[in-house]
Structures are given as C-alpha cells and as structure tokens.
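A.B. asks: Before I ask anything, let me first share the structure, which is written out below as structure tokens.
Chains as they are written, first to last, in our numbering: chain A, 678 to 786; chain B, 1114 to 1223.
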C-alpha cells in the first residue's frame, strides 16, 4: 500500500463548478499535511497547509480527519487557471515529506 | 531572487555513463532533498541532507550518491546510468514546513 494515496483523476469540470479531491495516508504518526499544486512540466508549489480544525484560503478549503487518516481539498467556483495537478503531501517526521501521485484537474470553459 | 537552482535542465545519457546533477539554494536552508518524479508514482525521495556535511538515504537511493560539502549545494551523482533512471529530478530545500523546489532536470538514459 502506498503511503499517500490519491485518486489520479482526471477530473474534468466546467468553470464555476465545485470539485473535491481526497487523499488517504497510512502512517498514523504523521505530523503535518499539505496540498501542493503542480503545473505541467513545472515544479510543485505549496498551495496550502492542512490543519486539524480545517482551513480556508479564498476558494480553497482543506480538511483533515486524523481518525480516518484522510485529507481533502475543496475548490469552489473553479477557474480555468485552476487546471493543474494537485499533490497531497504528508510529513511523517522532521526529515521527510511523502507525496501522493497527484490528482489532475482540467477546468473547461 | 534565485531560490533553488538546478543544472542541467535536460540531459541525455547512454547506459553506463556517469553524471552529476547540481543543486544550489540561496535561502540558507539546512534541509535539502533530491526527488525523482515518474508518471503515476508521485515524487519519491532519493536522498536528503539535514545540514552541511550530512546525507541520508530516502525511499529510492540505489544507483545514486550525494554530497553536501557546502550548505548551499547538494549534488546528486549517477555512477552508472541505467534506463530505469530516466526521470524528472527535482531538488528542494525546506524551512519549517515549506519545501521549495527547483525547476527540475529532465534526464533520459538510452
């Protein structure tokens, strides 16, 4: 079983749609959680951290469920510019970050 | 503001050749990493360093060596390249919980 698992997609949605991505992780001792965004042939960049209480940044909302070892990302009012691959990232210890394979999103006009 | 810089960006190697990927960061970060990214696999950690003069193995270290002689530089070496090492390689450095990536190095081994 992979340490971090994501639905690879692709998710194809119209502009203005709401889309949700899920991620599960296997290491119950993991301490920190993140969503990264990666554009085609570019490096990953931090989108947002994920806190136990849930957190929101504009149209993006991240949730963490430690009991179920589950992380989610919700994007509201999708824009064309949201088209990218979204990587779920888990930090099992101070020295390491484990990446999911990513979920590809395409937002269409 | 350079951040993390990798060289070369593209390289084609023949099986058995050796090469070194160079990574430099100007943010004074202690932690540095080398990842490879393959389709469907996500980023996998090859080696990492928690400070000058230190290195440690990650998930997929076989066939690679690293050195961190200076804090700002982290070198990844392929001693005898194999087709299975065809991949995109990302160097990164981190501070607290934020990891900063270089632009990637596309390596093809034929």
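Just so it is clear, CB atoms sit at the ideal spot from N, CA and C, and this is done for glycine as well.
Residue 697 of chain A: buried (16+ other C-beta within 10 angstroms of its C-beta) or exposed?
C.D. replies: Classification for residue 697 of chain A: exposed.
A.B. asks: What is the DSSP secondary structure of residue 716 of chain A, reduced to helix, strand or coil?
C.D. replies: Residue 716 of chain A falls in the coil class under three-state DSSP.
A.B. asks: Looking at C-beta atoms only, is the number of pairs between the region 1194-1210 of chain B and the region 1150-1170 of chain B that lie closer than 8 Å three or more?
C.D. replies: The answer is yes - the region 1150-1170 of chain B touches the region 1194-1210 of chain B, with three or more Cβ pairs under 8 Å.
A.B. asks: Considering only their Cβ atoms, is the gap separating residue 1115 of chain B from residue 1185 of chain B smaller than 7 Å?
C.D. replies: No, they are not a contact pair.
A.B. asks: Using a Cβ cut-off of 7 Å, pull out every chain B residue sitting near residue 776 of chain A, in sequence order please.
C.D. replies: Within 7 Å Cβ-Cβ: 1155 and 1156.
A.B. asks: Kindly indicate which three-state DSSP category residue 757 of chain A falls into: helix, strand or coil?
C.D. replies: Note: residue 757 of chain A maps to helix in three-state DSSP.
A.B. asks: With three or more beta-carbon pairs closer than 8 Å as the criterion, would you say the region 766-775 of chain A touches the region 692-708 of chain A?
C.D. replies: In short, these stretches touch, since the Cβ pair count reaches three.
A.B. asks: Closest by CA to residue 1171 of chain B, which one among A/759, A/780 and A/770?
C.D. replies: Here the closest residue by C-alpha is A/770.
A.B. asks: Give the list of continuous beta strand (DSSP E) stretches no shorter than 3 residues that lie fully inside the region 1123-1177 of chain B.
C.D. replies: The region 1123-1177 of chain B contains these whole beta strand (DSSP E) runs: 1123-1126, 1132-1138, 1144-1151 and 1155-1162.
A.B. asks: For residue 761 of chain A, I'd like the list of residues in its chain whose CB is within less than 7 Å of its CB, leaving aside the five on either flank, ordered along the chain.
C.D. replies: Same-chain partners within the cutoff: 714, 715, 716 and 782.
A.B. asks: Using only the alpha-carbon positions, how far apart do residue 1130 of chain B and residue 1190 of chain B sit?
C.D. replies: Rounded to whole angstroms, residue 1130 of chain B to residue 1190 of chain B spans 11 Å at the Cα level.
A.B. asks: Name the DSSP bridge partner or partners of residue 737 of chain A?
C.D. replies: Answer is A/734 and A/752.
A.B. asks: Let's see if you can read the secondary structure: which residues bound the beta strand (DSSP E) around residue 775 of chain A?
C.D. replies: Here the beta strand (DSSP E) through residue 775 of chain A covers 773-776.
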